[in-house]
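Residue numbering for the sequence shown is 58 to 142, as defined by this note's numbering.
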Amino acid sequence: MTTNELITKQDLLEVKQELIEEIKKLILPRNNEILFYKSKEVKQMLHCSDSTLQYYRQTGILQAKKVGGIYLYPKSSIENIFNTG
58 MTTNELITKQ
68 DLLEVKQELI
78 EEIKKLILPR
88 NNEILFYKSK
98 EVKQMLHCSD
108 STLQYYRQTG
118 ILQAKKVGGI
128 YLYPKSSIEN
138 IFNTG
């Protein structure tokens with residue numbers, strides 16, 4: 058048996074706020090340690106373009122998670138780039 062539930066605009070706004078809080082937890086440092094970087098920060102660190110960053114994601118050179126419309130790059134993935142050259 059299926060039940061139909063009405064989703065209100067307020068429901069969607071609450072879900073949006075919950076997602077924003079979860080993203081903040083991923084991005085913001087805990088104990089002064091950054092866990093993830095956004096695309097803009099990674100491009101600055103690697104001195105690369107949007108297309109190069111996309112190539113790195115697609116080929117697995119850089120690991121990334123897409124949350125909403127934002128790519129998040131684990132700090133460890135960035136460190137691997139610098140350690141392996």
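Glycine residues also receive a C-beta, built at the ideal position from the N, C-alpha and C atoms.
| Query | Result |
| --- | --- |
| Starting from I138, trace the beta strand (DSSP E) in both directions and tell me its first and last residue. | Unbroken run through I138 is the alpha helix (DSSP H), K132 to T141; no beta strand (DSSP E). |
| Please state whether the Cβ-Cβ distance between V99 and I127 is less than 8 Å. | no |
| What does a CB cutoff of less than 7 Å around I91 pick up in its chain, not counting 5 residues either side in sequence? | K132 |
| Does DSSP put I64 in a helix, in a strand, or in coil? | coil |
| Using the DSSP secondary-structure output, state which residues sit across from L129 in a beta bridge. | K95 and K122 |
| Whole angstroms is fine: what's the gap from G117's alpha carbon to I80's? | 22 Å |
| For N137, tell me which candidate among V124, E71, G125 and L119 has the shortest Cα-Cα distance. | L119 |
| Can you tell me where the alpha helix (DSSP H) holding I108 begins and where it ends? | One detail in the question is off: residue 108 reads as Ser in this sequence, not Ile. Element bounds for S108: D107 to T116. |
| From E75 to F93, what does the alpha carbon distance come to, in whole angstroms? | 19 Å |
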